[in-house]
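Counting from 2, one number per residue, gives the positions in the sequence shown under the numbering used here. Glycine included, C-beta positions come from ideal geometry on N, C-alpha and C. Since we're looking at a predicted model, the values are computed, not measured. Since the structure comes first, as structure tokens, the remarks are kept for the end.
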Amino acid sequence: MICSSISFCNYRNISLETVSFSDGVNVLFGDNAQGKSNILEGIYFFARGRSFRGAREREMIRFGEKQAQLSLSFQKDSAQYPVTLEADLPHTGKKVLRRGGARLSGVREMIGSFRAVLFCPLHLSLVGGGPALRRSFLDIALSQLYPAYLDSLSRYNRILAQRNALIKSGVMGDMAVWEVYARQLAHLGADIAARRCAYMSKLEKYVADIFAGMTEGREAPRLIYQSGALPEDTSDAADIRSAGEERLFAALTGSIEREVRYGATLYGIHKDDISIRLNEREARSYASQGQQRSLALAMKLAEGEMAKTVGGEYPVFLLDDVLSELDGQRREFILRSLTGRQIIVTSCEPAYFDTGAADAVRMLHVQDGAILPS
Ligand SMILES: Nc1ncnc2c1ncn2[C@@H]1O[C@H](COP(=O)(O)OP(=O)(O)OP(=O)(O)O)[C@@H](O)[C@H]1O
Ligand SMILES: [Mg+2]
């Protein structure tokens, strides 16, 4: 998959600009606060349906303007013609999304058509940071690949929020109501856990290969999805779902008084985690800072490999500021690993790309929300 170009109108500090990309390495370089990350944020919006910086849509509209507009043109490997995705983000009212000029019903319909893997400095804490980061890694990767996953997750989150609101009200009420919540959460939760578990066991092999290439194969990483929902033996997917559902249902109906005292739902896939191990020891606690970063890097590269396995082609790799966070050896490794794929990188340091490790590199100088003519 190739992102050919993106056009902006009143988006953040970009008043009007079109940026065209080559199908190899593209480097958005320039001083701080010129708009490099804004451009990546715009591209990634079409992969995820929202900002990777957690920003609300209104914040993406250029100060003083009423609406931001984005238009992305991309080409699938198998397709003859490019596809255009557009987004109008108004100050008031709902956003409008279009594909090939036809209006889409919402983000759900857009996600999955344009695929990208984003890698930013936050991801370097994927191994050492909190579990929310690892769950989010899974959720974002799986949502782009399987629309049904996104459906289950959205419904789960909605029902969880309702149940939490009921818990916070402090009223125990009728047991039948709690059972309805428990049944729904258990059913959706078991489906999500089973999908995450299957994804992890496939991802693990890619991570191991990539990590071996990076470190000359001295240690073997293991990645195991850890869920209160899953039975010990996770080899049978159908079994995981039914056993998981019953386990979750029992946990959710058996602890309501405690949850009301605590003020939140204590059991479910919103508490799950990935155990990342090196030589059978938890990497979070035992691995060095450098090893943790290499593992995180390997997980992100593996996310791209998984997208290829499932979707048939590589996604676009978006690297926001990560290269400056890595040492020379890892920087070269990442560029070497991504040869032959499209990458769009932001960097304050154009010199990184003089290494010869990358194919033809397109340098794009960003200044004050515009691309300077080269
Ligand atoms: N809604 C907005 N309207 C106008 N300008 C905005 C808006 N949102 C952010 N900006 C500005 O965009 C500028 C560029 O931000 P961006 O994060 O893209 O910089 P950058 O080139 O990636 O810098 P760095 O190298 O520091 O990461 C910032 O100065 C910010 O004030
Ligand atoms: Mg930036």
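What does a CB cutoff of less than 8 Å around residue i pick up in its chain, not counting 5 residues either side in sequence?
| i | result |
| --- | --- |
| S6 | T19, V20, S21, F22, L73, S74 |
| L253 | W179, Y182, A183, L186, A187, T266, Y268, G269 |
| P222 | E205, V208, A209, F212, I277, R278, L279, A284, L296, A299 |
| R63 | N11, Y12, R13, N14, I15, S16, A69 |
| E247 | A187 |
| P374 | none |
Kindly list the residues whose CB is nearer than 7 Å to the CB of residue i, restricted to its own chain and excluding five residues on each side of it in sequence; keep chain order.
| i | result |
| --- | --- |
| G214 | none |
| D89 | Q68, Q70, K96, V97 |
| P376 | Here the chain covers residues 2 to 375 and nothing more, so residue 376 does not appear. |
| E42 | S52, F53, R54 |
Tell me the rounded alpha-carbon separation between residue i and residue j.
| i | j | result |
| --- | --- | --- |
| G264 | Y12 | 40 Å |
| I53 | A34 | With the sequence shown as reference, residue 53 is identified as Phe, and Ile is not the correct amino acid for it. Going by the C-alpha atoms only, they are around 17 Å apart. |
| E281 | G31 | 43 Å |
| F354 | D322 | 13 Å |
| V84 | R100 | 7 Å |
| Q163 | D152 | 17 Å |
| M61 | A133 | 25 Å |
| I44 | P91 | 18 Å |
| Q192 | L231 | The sequence as given places Asp at residue 192; Gln does not occur at that position. Answer to the nearest angstrom: the Cα atoms are 10 Å apart. |
| N39 | S16 | 12 Å |
| L365 | P122 | 21 Å |
| D240 | S126 | 33 Å |
| V149 | K77 | The residue asked about is misnamed: residue 149 is Ala in this sequence, not Val. Computed Cα separation, rounded: 22 Å. |
| Y147 | Y315 | 16 Å |
| S106 | E87 | 13 Å |
| I372 | G36 | 9 Å |
| A359 | T216 | No answer about A359 holds up, because its pLDDT of 48 lies below 50 and its placement is not dependable. |
| M173 | A166 | 12 Å |
| R59 | E220 | 46 Å |
| K301 | A177 | 44 Å |
| Q293 | E66 | 43 Å |
| C349 | E326 | 11 Å |
| Y157 | S338 | 36 Å |
| G376 | T93 | Within the shown structure, residues of the chain are numbered from 2 to 375, placing residue 376 beyond reach of any answer. |
| G305 | G329 | 22 Å |
| S286 | G190 | 28 Å |
| L336 | L320 | 11 Å |
| F244 | V367 | Position check: residue 244 holds Ala in this sequence, whereas Phe was assumed. If I take the Cα positions, the gap works out to 54 Å. |
| R159 | G291 | 38 Å |
| G341 | D369 | 31 Å |
| G102 | S114 | 14 Å |
| D175 | I141 | 36 Å |
| A80 | V311 | 17 Å |
Measure the beta-carbon distance from residue i to residue j and round it to whole angstroms, keeping in mind my assumption that it falls under 8 Å.
| i | j | result |
| --- | --- | --- |
| G55 | V108 | Not a contact, Cβ separation roughly 16 Å. |
| I275 | A284 | Incorrect: roughly 10 Å between the Cβ atoms, too far for contact. |
| V118 | F318 | 5 Å |
| R242 | A183 | That pair is no contact at about 16 Å. |
| V128 | L296 | 5 Å |
| Q145 | R104 | With a Cβ gap of about 21 Å, Q145 and R104 do not count as contacting. |
| V261 | G171 | 6 Å |
| L161 | H271 | 6 Å |
| F47 | M111 | 7 Å |
| K203 | M307 | 6 Å |
| A346 | L29 | Note that residue 346 corresponds to Val in the displayed sequence, not to Ala. The pair is a contact, with the Cβ atoms about 7 Å apart (cut-off 8 Å). |
| N27 | I344 | 7 Å |
| Y200 | L143 | 6 Å |
| S228 | C198 | 7 Å |
| D273 | R136 | 6 Å |
For residue i, which beta-bridge partners are listed by DSSP?
| i | result |
| --- | --- |
| F120 | L320 |
| A371 | Q368 |
| I7 | V20, L73 |
| I225 | S276 |
| I345 | N27, L319 |
| I112 | F115 |
| P91 | Q68 |
| L86 | L73, R100 |
| E283 | R278 |
| R363 | N27 |
| I62 | Y12 |
Going by beta carbon distance, what residues of the same chain come within less than 6 Å of residue i, once the five residues before and after it are set aside?
| i | result |
| --- | --- |
| I3 | D24, Q76, Q343 |
| A288 | L279 |
| L324 | R332, S348, Y353 |
| F120 | K301, L320, V323 |
Comparing the CB of residue i with every heavy atom of ligand 4, is any distance shorter than 6 Å?
| i | result |
| --- | --- |
| N27 | In the structure on display, ligand 4 does not appear, and the ligands it does have are ligand 1 and ligand 2. |
*Hey, which residues come within less than 7 Å of ligand 2, measuring from Cβ to any heavy atom, in chain order?*
K37, S38, D321, D322, T347
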